[in-house]
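Asks: Heads up, the sequence shown stops at 203 in my numbering, and the numbers go up one at a time, no gaps.
Backbone N, C-alpha and C fix where the C-beta goes; we use that ideal spot for every residue, glycine too.
Everything numeric in this text was worked out from a predicted model, so none of it was measured.
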Amino acid sequence: MGTHAGVTASEFSESVADWLASARHSGSGKFYTAMVYKPMLELLDYLRDNDFKVFIVSGGGIDFLRVFAEEVYGIPPEQVVGSSLKAKYEIRNGSPVIVKQAEVDFIDDKAGKPVGIHRYIGQRPVLAVGNSDGDFEMLEWTSAGEGPSLAMIVHHDDAKREWAYDRESHIGRLVRGLDEGPQRGWKIISMKNDWNLIYP
Numbered sequence: 004m005g006t007h008a009g010v011t012a013s014e015f016s017e018s019v020a021d022w023l024a025s026a027r028h029s030g031s032g033k034f035y036t037a038m039v040y041k042p043m044l045e046l047l048d049y050l051r052d053n054d055f056k057v058f059i060v061s062g063g064g065i066d067f068l069r070v071f072a073e074e075v076y077g078i079p080p081e082q083v084v085g086s087s088l089k090a091k092y093e094i095r096n097g098s099p100v101i102v103k104q105a106e107v108d109f110i111d112d113k114a115g116k117p118v119g120i121h122r123y124i125g126q127r128p129v130l131a132v133g134n135s136d137g138d139f140e141m142l143e144w145t146s147a148g149e150g151p152s153l154a155m156i157v158h159h160d161d162a163k164r165e166w167a168y169d170r171e172s173h174i175g176r177l178v179r180g181l182d183e184g185p186q187r188g189w190k191i192i193s194m195k196n197d198w199n200l201i202y203p
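1) Where does Asp197 fall in DSSP's three states?
2) From Glu74, Gly175, Pro151, Asp112, pick the residue whose C-alpha is nearest to that of Ala24; which is it?
3) Indicate the three-state DSSP secondary structure (helix, strand or coil) for Val10 in the structure shown.
4) In the DSSP assignment, find the unbroken beta strand (DSSP E) run with Leu204 in it and report its ends.
5) Compare the Cα-Cα distances from Ala154 to each of Lys163, Met141, Asp160, Trp166 and report the closest residue.
6) Please go through the same chain and pick out, in chain order, the residues whose beta-carbon is closer than 8 Å to the beta-carbon of Ala12, but skip the five residues on each side of it.
7) Which residue from Asp182, Asp161, Val70, Glu183 puts its Cα closest to that of Asp21?
8) Which of helix, strand or coil does DSSP assign to Arg127?
9) Under DSSP, the beta strand (DSSP E) around Phe109 begins and ends at which residues?
10) I need the DSSP call for Glu93, collapsed to helix, strand or coil.
11) Just the C-alpha distance for Gly150 and Val84, rounded to the nearest angstrom, thanks.
12) Looking at the strands, I want to know which residues DSSP matches up with Lys116.
13) Can you tell which of Val39, Ile192, Gly77 has its C-alpha closest to the C-alpha of Ile156?
14) Can you tell me where the alpha helix (DSSP H) holding Gly180 begins and where it ends?
15) Counting only the same chain and skipping the five closest in sequence on each side, list residues whose C-beta sits under 8 Å from that of Val39.
16) Look up Leu88 in the DSSP assignment and give the residues it is bridged to.
17) Count the other CB atoms, across all protein chains shown, that sit within 10 Å of the CB of Lys116; report buried if there are 16 or more and exposed otherwise.
18) Note the first and the last residue of the continuous alpha helix (DSSP H) segment covering Ala72.
19) Return the first residue and the last residue of the beta strand (DSSP E) that Met38 is part of.
20) Helix, strand or coil for Gly5, going by three-state DSSP, please let me know.
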């Protein structure tokens, strides 16, 4: 909040774009925008080709994601749901601007994800894909709807081609999804065993 407060939405977007143009992942050496999953891109294309409307629902910052979501995933800014700070309208140097505030507006993680979906999308999904227990409630909400639905978990279990984490991880922990997902009919996708390629 301290680094974002007082920054206009335009200034923030410009700083994100500048960072993405030069920042590389320390392990892979790739640009962060190149570290997307080929099977994920294929699924997005398949869904769009079959008239599904596709959204990103992330615990990450909505203003950060909106900078690159369309270029990288083909998902326009209005179809991104994420965490946010409060904002206000101001006039600066004679021009209207939106200014980020040092106060949390919404956290789009865990039980917040179904709330974010309701707030920004207004419909229960028929398909949802997650990769940690932070997505559990979103998958639960999706699979509890009337009619057909599909809930999937991408299990990061390929330490050679990407990295491996689940039960003991301090980030992206996946315990409940592995334990309860199969009983709920959710599909567990193994990066190691199910994906021929990870990155495009």
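Replies: Taking the definition as stated:
1) Secondary structure of Asp197 (DSSP, three-state): helix.
2) The candidate whose alpha carbon is nearest that of Ala24 is Glu74.
3) The answer is coil: DSSP assigns Val10 none of H, G, I, E or B.
4) For the chain, the structure presents residues 4 to 203; residue 204 sits outside this window and is missing.
5) Of the residues Lys163, Met141, Asp160, Trp166, the one whose Cα lies closest to the Cα of Ala154 is Met141.
6) Closer than 8 Å at Cβ, skipping near neighbours: Asp66, Ala90, Val100, Ile101, Val102, Lys103.
7) Of the candidates Asp182, Asp161, Val70, Glu183, the one whose C-alpha sits nearest the C-alpha of Asp21 is Val70.
8) If DSSP states are grouped into helix, strand and coil, Arg127 belongs with coil.
9) 98-109 is the extent of the beta strand (DSSP E) around Phe109.
10) Three-state result, Glu93: strand.
11) Cα-Cα distance, rounded: 24 Å.
12) Bridge pairing for Lys116: absent [DSSP].
13) When the alpha-carbon of Ile156 is set against those of Val39, Ile192, Gly77, the nearest one is in Ile192.
14) Taken as a continuous stretch (DSSP letters only), the alpha helix (DSSP H) holding Gly180 covers 179-183.
15) Cβ neighbours of Val39 beyond the five flanking positions: Val75, Tyr76, Tyr202, Pro203.
16) Looking at the DSSP assignment, Leu88 forms a beta bridge with Val107.
17) With a threshold of 16 other beta carbon atoms within 10 Å, Lys116 meets it and is buried.
18) Where Ala72 is concerned, the enclosing alpha helix (DSSP H) stretches over 65-76.
19) Counting along the chain, Met38 sits inside no beta strand (DSSP E), nor does DSSP assign it H or E at all.
20) Secondary structure of Gly5 (DSSP, three-state): coil.
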